[in-house]
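There are 2 protein chains.
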Amino acid sequence: MSVAASMRGFPEWLPAGQLVEQRVLRSLRETFELHGYSPLDTRAVEALDTLLEKGETDKEIYLLRRLQAAEDESDSGLGLHFDLTVPFARYVRDNAGKLLFPYRRYQIQKAWRGERPQEGRYREFLQADIDVIDRGELAPHFEAELPLVAAEALRRLPIPRFSIQVNNRKIMQGVFEGIGLPGDTLAAFRSLDKLRKIGPEAVRELLIEAGASRAQADVCLSLARIRTSDVSFVDDVRSLGVRSDLLERGLAELAAVLEAGRAFAGDDSPFVADLQITRGLDYYTGTVYETVMEGAESLGSVCSGGRYDNLVGGEREAYPGVGVSIGVTRILGPLLARGEIVASRPVPTCVLVAVASEEARAEADRVAHMLRARRIPTEVSPTAARYGRQIRYADQRGIPFVWFPGNEVRDIRSGAQVPADPATWMPPEEDREVSITAPVGPAAGEEQAREQL
Amino acid sequence: MSVAASMRGFPEWLPAGQLVEQRVLRSLRETFELHGYSPLDTRAVEALDTLLEKGETDKEIYLLRRLQAAEDESDSGLGLHFDLTVPFARYVRDNAGKLLFPYRRYQIQKAWRGERPQEGRYREFLQADIDVIDRGELAPHFEAELPLVAAEALRRLPIPRFSIQVNNRKIMQGVFEGIGLPGDTLAAFRSLDKLRKIGPEAVRELLIEAGASRAQADVCLSLARIRTSDVSFVDDVRSLGVRSDLLERGLAELAAVLEAGRAFAGDDSPFVADLQITRGLDYYTGTVYETVMEGAESLGSVCSGGRYDNLVGGEREAYPGVGVSIGVTRILGPLLARGEIVASRPVPTCVLVAVASEEARAEADRVAHMLRARRIPTEVSPTAARYGRQIRYADQRGIPFVWFPGNEVRDIRSGAQVPADPATWMPPEEDREVSITAPVGPAAGEEQAREQL
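Those protein sequence lines, which keep their order, are chains A and B. Oh and the first sequence: position 343 is 343 in the working numbering, straight run, nothing missing. Oh and the second sequence: position 277 is 730 in the working numbering, straight run, nothing missing.
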């Protein structure tokens, strides 16, 4: 059992689920650091002005007020961040003179949104973001690097398969320009973004409401249906017969991302060109990403992001960036609830040192100390109860080994008990650390490997 | 430089400081898990009723309100937690039927207090807590185990020396009883707690205000002056001539903690019996701890806690516990600001793979992939600029190695360049990972070792 009793929208896990989350975060950090990303932790609190800068009022910000403060005191203008991109951009703006560019960082923190809670949507949730920001110009290869690093991080986890759907806003905007679509482009973006949810007929109506003719709406819908795992989307788009310079730039940029994925991973590339992806956020200016896990399509995207050119808002120089955000709670919440990701035991402990009597506790402590010195997680029995009860303590927690006075160690799964030296004994590698797995149910088939973190 | 521009009371670190904090947290987690403590992360948000349960209004709670919510909506009764003990107790109460007892957990999270910011006191700060809670009774050996684990965790860090001052509230309360001190014991506790800050004369006045006679106040002051690193405090207390059963229980419990420290660590025991320590919090009922770092006495306690018997408040059963809280931000903030704890480089990267031209980037990516597969943190150069500039990129970031096309690797500190195979080459162990050290200044003397995490 992994999910604890909780306040709606503020999920908490039981100890086994906590270990799953901790191991997932450790694995993400390792992957990010292997790629040279530096850790960043920003304050949870931002000035309300910063949070509202890009007009994100639909994110339902939580405001802060001190219990004992007067209403008019200054910190009434503070709110909790609703994502990690806005705080990162603010941090870069605050410290631009002291940072080295391009600046790669990862950031694993909670964010808060006062939304209506539902599966995969929480009021408090963990995000794991990577971004790179450069000064002046940002090299285009980063638009492939960032989602490839995120894909590598996700592939190390025992979670369902996924693909990263990539689009480039310049393609849509270029098509809008090419067909002479009038009015608010953002409204058209947002209409197309709803294609999967409300279907083509309803989207056509929305586009016509936004000022498109029936023929223009049909071109947009044809564009949005294009989805290829190689660069053949370029020909598909050209066959629409629309021409614009912006469109050509978008096609070239998107093709470069797809090609980089194949150059790096061959047929195992995580990328699919999907020309209906737009991302709701206003601040993206080029490549955008979304990621759907197999069998979890209703959750929405579990890893999203894109390129932004104007988020940092430097006064004299541009600070373009690209980032991807992994929805850790969105991924783990449903998997933990359904038992589709589990820890091999609910405690980190590998060895329980049994205690013959309270007087002999110091001796047990010394054995434990020797085992820990070689990085074997070890507890000393909390009581000097009879050995049967001490073994039961280990068994209930899935602790595989019990160490007895006189230096004998028992594998309580097999019952095999052998003499052992606390200065040299080592448990098998797979027992030493808690492992995280996706148990294969009878329905899940053989395809899903029993991966270990 | 480690400290970033920031909002007062909400500290943020520059990338090198971020790496220091990240490595410190990793080290703390490792130590806690080696001792069998399970990770726990609770929501940042608690019902205001829970936060105020123990009368902690002096903690200046931050209340939440949704920007777009009406004033009377239900979540206006939510606040951010001001410590990790109250949320832990609430979590145990919520999930008591699903937890295995004794339940050991560590919890590393931020907490928020709307206090006036000053050195070592922040409005947002990181705490690293360990607690154990049992059902019914809690074995007394835990009152020594918990601070010993915290001491081991702290000793692995390159921070100043410290000692853990231990007291037991039963000793003070027993003395108050024995001398017939009338009135509010808590007021007397709190007066004595101010001894270091305001001196004996002022404390005597406070005690007399709280109802003590001059003679009673003098006994209290004599008690509070007792400080020994072995169990001789017992004789010192007895020489005050006060008798009470509660006092005897307190002396026995405190002596047991001191003895456990010596049994485990000999003269290296971190414990000092210090009979003026009371801890302000109402919920402690027995042993209490405070920790002062050498040269940082003005910061106050950096690792505090105690035993509590009534915090969980189970209806049918008692859930006594004991816990210790490490003030991570309080320790790191001043050390980072003064450069007394530093990272060996501001990025995790060990190798920069140089790029001959943008066309050759895929080849550089393959080399980087091979190095990362053997856990060597590797970046590919962001540009195919001339090699001098690529080497400068590495040098500015303290990246020790540059890998050139044709598979030659240069140690840019010595300039030595040798052929190398990306499938087998390994950097020296001390270069592979960022290390965290306390640089020894000319004034700091030779005593402070150059410890590494």
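Glycine residues also receive a C-beta, built at the ideal position from the N, C-alpha and C atoms. Model, not experiment: these values are computed from the prediction.
Taking any Cβ of chain B, which residues in the region 276-288 of chain A have a Cβ under 8 Å from it, in chain order?
none
For ALA896 (chain B), name the three-state secondary structure that DSSP assigns.
Residue numbering aside, residue 896 (chain B) sits at position 443 when the second sequence is read from its first letter. Because ALA896 (chain B) carries a pLDDT of 41, less than 50, the predicted location of this residue cannot be relied on, and no value is offered for it.
Rounded C-beta distance between ASP129 (chain A) and GLN107 (chain A)? I'm assuming under 8 Å.
Here residue 129 (chain A) refers to the residue found at position 129 when the first sequence is read from its first residue. Here residue 107 (chain A) refers to the residue found at position 107 when the first sequence is read from its first residue. For a cut-off of 8 Å, the C-beta gap from ASP129 (chain A) to GLN107 (chain A) is around 5 Å, short enough to register as a contact.
What does GLN18 (chain A) reach in chain B if we use C-beta pairs closer than 9 Å?
Counted from its first residue, the first sequence places residue 18 (chain A) at position 18. Near GLN18 (chain A) (Cβ distances below 9 Å), the residues of chain B are SER491, PRO492, LEU493, ASP494, ARG558.
Between which two residues does the beta strand (DSSP E) harbouring MET746 (chain B) extend?
For the purposes of this step, residue 746 (chain B) is taken as residue 293 along the second sequence, with counting starting at 1. 740-746 is the span of the beta strand (DSSP E), which, as asked, contains MET746 (chain B).
Can you check the region 331-362 of chain A for any beta strand (DSSP E) of at least 3 residues that lies completely inside it and give the ranges in chain order?
351-353
If you draw a straight line from the alpha carbon of GLU883 (chain B) to that of SER867 (chain B), how long is it in whole angstroms?
Counted from its first residue, the second sequence places residue 883 (chain B) at position 430. Counted from its first residue, the second sequence places residue 867 (chain B) at position 414. One C-alpha to the other measures close to 16 Å.
State the Cα-Cα distance for the pair PHE928 (chain B) and PRO635 (chain B), rounded to the nearest angstrom.
Since the first residue shown for chain B is 454 and the last is 906, residue 928 (chain B) is missing from the structure and cannot be characterised.
Identify the contact partners of PRO853 (chain B) in chain A, using a Cβ-Cβ distance below 9 Å as the criterion.
The residue given as residue 853 (chain B) occupies position 400 in the second sequence. Neighbours of PRO853 (chain B) on chain A: none; closest Cβ ~13 Å, over 9 Å.
So is LYS563 (chain B) in contact with chain E if we call contact Cβ pairs under 8 Å?
In the structure shown, chain E cannot be found, because the protein chains are A and B.
Beta carbon of TRP466 (chain B), beta carbon of LEU789 (chain B): below 8 Å?
Reading the second sequence from its first residue, position 13 is the one you call residue 466 (chain B). Reading the second sequence from its first residue, position 336 is the one you call residue 789 (chain B). In contact: TRP466 (chain B) and LEU789 (chain B) (Cβ atoms closer than 8 Å).
Which residues in chain B sit within 7 Å of VAL45 (chain A), going by Cβ to Cβ distance?
Residue 45 (chain A) sits at position 45 when you count from the first residue of the first sequence. Going along chain B in sequence order, the residues near VAL45 (chain A) (Cβ under 7 Å) are PHE463, GLU577.
Going by Cα to Cα distance, which pick from A:LEU138, A:HIS141, A:TYR284, A:ILE376 is closest to PHE189 (chain A)?
For the purposes of this step, residue 189 (chain A) is taken as the residue at position 189 of the first sequence. Comparing Cα-Cα distances from PHE189 (chain A) to each of A:LEU138, A:HIS141, A:TYR284, A:ILE376, the minimum goes to A:TYR284.
Starting from MET460 (chain B), find everything on chain A with Cβ-Cβ shorter than 8 Å and list it in chain order.
Here residue 460 (chain B) is taken as the residue at index 7 of the second sequence, counted from 1. ARG43, VAL45, ALA47, listed in chain order.
Here's the rule: buried if 16 or more other CB atoms are within 10 angstroms of the residue's CB, otherwise exposed. What is GLY333 (chain A)?
Sequence index remark: in the first sequence, residue 333 (chain A) carries index 333 (1-based). Buried: at least 16 other Cβ atoms inside 10 Å.
CB contact check: GLU486 (chain B) to chain A, cutoff 8 Å:
For the purposes of this step, residue 486 (chain B) is taken as the residue at position 33 of the second sequence. Yes, its Cβ sits closer than 8 Å to a Cβ of chain A.
Measuring alpha carbon to alpha carbon, tell me which residue in A:ARG104, A:GLN118, A:LEU52 is nearest HIS81 (chain A).
Your numbering for residue 81 (chain A) matches position 81 in the first sequence. Cα-wise, what sits closest to HIS81 (chain A) is A:LEU52.
Kindly list the residues whose CB is nearer than 7 Å to the CB of ARG461 (chain B), restricted to its own chain and excluding five residues on each side of it in sequence; keep chain order.
Sequence index remark: in the second sequence, residue 461 (chain B) carries index 8 (1-based). Non-local beta-carbon contacts of ARG461 (chain B) in its own chain, meaning distances under 7 Å to residues more than five positions away in sequence, involve PRO570 in chain order.
Ignore the nearest five residues each way along the sequence and tell me which others in THR50 (chain A)'s own chain have a CB closer than 7 Å to its CB.
Numbered from its first residue, the first sequence carries residue 50 (chain A) at position 50. Taken in chain order, the residues that qualify are VAL86, ARG90.
Candidates B:VAL775, B:ASP494, B:GLY633, B:GLY859: which alpha carbon is nearest GLU598 (chain B)'s?
What you label residue 598 (chain B) is simply residue 145 of the second sequence in a count that begins at 1. Among B:VAL775, B:ASP494, B:GLY633, B:GLY859, the Cα nearest to that of GLU598 (chain B) belongs to B:VAL775.
Going by C-alpha to C-alpha distance, which of B:ILE617, B:PHE686, B:LEU764 sits closest to ILE624 (chain B)?
Here residue 624 (chain B) is taken as the residue at index 171 of the second sequence, counted from 1. Here the closest residue by C-alpha is B:PHE686.
Could you list which residues in chain A have their beta carbon closer than 9 Å to that of PHE717 (chain B), in chain order?
For the purposes of this step, residue 717 (chain B) is taken as the residue at position 264 of the second sequence. Neighbours of PHE717 (chain B) on chain A, chain order: ALA362, ASP365, ARG366, HIS369.
Does the contact criterion of 3 or more C-beta pairs under 8 Å hold for the region 24-36 of chain A versus the region 822-832 of chain B?
yes
Spell out whether any CB of chain A is found under 8 Å from the CB atom of LEU711 (chain B).
Locating residue 711 (chain B) in the second sequence gives position 258, counting from the first residue. Not closer than 8 Å to any Cβ of chain A, the Cβ of LEU711 (chain B) fails to qualify, so no.
May I have the straight-line CA-CA distance separating GLN843 (chain B) from GLN471 (chain B), to the nearest angstrom?
Counting from 1 along the second sequence, the entry for residue 843 (chain B) is found at position 390. Counting from 1 along the second sequence, the entry for residue 471 (chain B) is found at position 18. Rounded to the nearest whole angstrom, the CA to CA distance from GLN843 (chain B) to GLN471 (chain B) is 25 Å.
Using a Cβ cut-off of 8 Å, pull out every chain A residue sitting near TYR544 (chain B), in sequence order please.
Residue numbering aside, residue 544 (chain B) sits at position 91 when the second sequence is read from its first letter. In chain order: ALA4, GLU12.
Would you decide whether SER834 (chain B) is buried or exposed? Buried here means 16 or more other CB atoms lie within 10 Å of its CB.
Counting from 1 along the second sequence, the entry for residue 834 (chain B) is found at position 381. Classification for SER834 (chain B): buried.
Tell me the DSSP bridge mates of PHE463 (chain B)?
Residue numbering aside, residue 463 (chain B) sits at position 10 when the second sequence is read from its first letter. B:MET460.
Taking DSSP's pairing of strands, which residues face TYR544 (chain B) in a bridge?
The residue you call residue 544 (chain B) lines up with position 91 of the second sequence. TYR544 (chain B) is not bridged to any residue.
Does ALA343 (chain A) pass the burial test, meaning 16 or more other C-beta atoms within 10 Å, or should it be called exposed?
Indexing the first sequence from 1 puts residue 343 (chain A) at position 343. Taking all protein chains shown into account, ALA343 (chain A) has 16 or more neighbouring C-beta atoms within 10 Å of its C-beta and is therefore buried.
Determine, using beta carbons only, whether LEU251 (chain A) comes closer than 8 Å to chain B.
Working through the first sequence from its first residue, we reach residue 251 (chain A) at position 251. Chain B contact via Cβ: absent.
What is the rounded straight-line gap between the Cα of LEU192 (chain A) and the Cα of TYR62 (chain A)?
Counting from 1 along the first sequence, the entry for residue 192 (chain A) is found at position 192. Counting from 1 along the first sequence, the entry for residue 62 (chain A) is found at position 62. Their backbone Cα atoms lie some 30 Å apart in a straight line.
Could you tell me the alpha carbon to alpha carbon distance between THR802 (chain B) and LEU246 (chain A), rounded to whole angstroms?
Walking along the second sequence from the start, residue 802 (chain B) turns up at place 349. Walking along the first sequence from the start, residue 246 (chain A) turns up at place 246. Their backbone Cα atoms lie some 37 Å apart in a straight line.
Does the beta carbon of PRO102 (chain A) sit closer than 8 Å to a beta carbon anywhere in chain B?
Residue mapping note: residue 102 (chain A) aligns to position 102 of the first sequence, counting from 1. Yes, because at least one Cβ of chain B sits closer than 8 Å to the Cβ of PRO102 (chain A).
8 Å is my cut-off, CB to CB: does GLN843 (chain B) come that close to chain A?
Sequence index remark: in the second sequence, residue 843 (chain B) carries index 390 (1-based). No, GLN843 (chain B) does not count as interfacial toward chain A.
In chain B, which residues lie with their C-beta within 9 Å of the C-beta of ALA139 (chain A)?
Residue mapping note: residue 139 (chain A) aligns to position 139 of the first sequence, counting from 1. Going along chain B in sequence order, the residues near ALA139 (chain A) (Cβ under 9 Å) are GLU811, PRO835, THR836.
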